[in-house]
Structures are given as C-alpha cells and as structure tokens.
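The structure appears below as structure tokens.
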Amino acid sequence: MKAKFEEFNDGILDVYNVNNEDKLEKAKSGLRFGNKNVGITRHYAARAADTRVDRVIHILQQQDIYPHQVAVIAGEQYDIDKTDHLKNTLPPVTKLSLIKFEKHREREFA
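Going by the numbering used here, the residue at position 32 of the sequence shown is 24; the numbering climbs one at a time, nothing skipped.
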C-alpha cells in the first residue's frame, strides 16, 4: 500500500532548549507542522500515567529534536513529551506529543 503524503500546513513552530538560567534559547525556527488527533487510546494511556497530552503534531523529520525541549506555537509554550521518528510516511516525519505549560511554568526567552 502506498503511503499517504503528509501535509504540513497547520502552522509554524519554533523549538527551544532550556539553558542553565532556566531561559529559552532557540534551537530551530520556522518548522511547518500538521495537526494530528489525540486518539482515545493515547488520551487514556496518558491519564493512567497521571499526565496528559494536549496536542500531537508532525513535522518534516528532524532527528535532533528531543523530549523536554520546548515547542512554541503561536506564543504558547509546550513541553515536548515524546518524539517519534517515523520513516514509513511520505516524507518521513517526526511526531511530537506536546503538553501545554501552565502560565506559572512558562519560561522567559534568553
């Protein structure tokens, strides 16, 4: 079966590292993404682990994006909880599971 062509037309995100002063330093910028549904299985698995998944997106494959970097989409900060590098898609993608930071946990930019 032929792989479905993945689209990246839902928005743009930037990825940041957290420095020693707990501030955000830009690692990647201008990455186009596509939204994915947070499936019922993923939702309940996260709840069972006493966590949550607020958003799932996919980007053109980026092997150098890791869990616990910070994704910023339209000014909102998300912890990258999980990264999946998928090669069986066209083109290969990195799927990111994101948890939105509460206002009091948001970090300042360096």
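The beta carbon of each residue, even a glycine, is placed where N, CA and C say it ideally should be.
On the DSSP bridge assignment, give the partners of residue i in chain order.
i, result
"threonine 75", "Leu88"
"arginine 24", "Ile4"
"valine 64", "Asp6 and Gln69"
"lysine 95", "DSSP output for lysine 95 lists no bridge partner at all."
"glutamate 17", "Asn9"
Could you check which residue in the options has the C-alpha nearest to that of residue i?
i, options, result
"valine 62", "Glu(-1), Asn80, Asn9 and Asp14", "Asn9"
"glutamate 68", "Asn29, Phe101 and Gln53", "Phe101"
"aspartate 6", "Arg99, Leu23 and Lys74", "Leu23"
"glutamate 50", "Gly26, Lys79 and Leu16", "Per the sequence shown, the amino acid found at residue 50 is histidine instead of glutamate. Residue Gly26 is the option with its Cα nearest to histidine 50."
For the beta strand (DSSP E) that residue i lies in, which residues bound it at each end?
i, result
"aspartate 6", "3 to 10"
"isoleucine 51", "47 to 52"
Is the CB of residue i under 7 Å away from at least one CB in chain B?
i, result
"asparagine 9", "Checking the listed chains, one finds no chain B in this structure; it contains a single protein chain."
Sufficient close CB pairs (3 or more, under 8 Å) joining the region -4 to 4 to the region 87 to 98: Contact between the region -4 to 4 and the region 87 to 98 is absent: fewer than three C-beta pairs spanning the two stretches fall below 8 Å.
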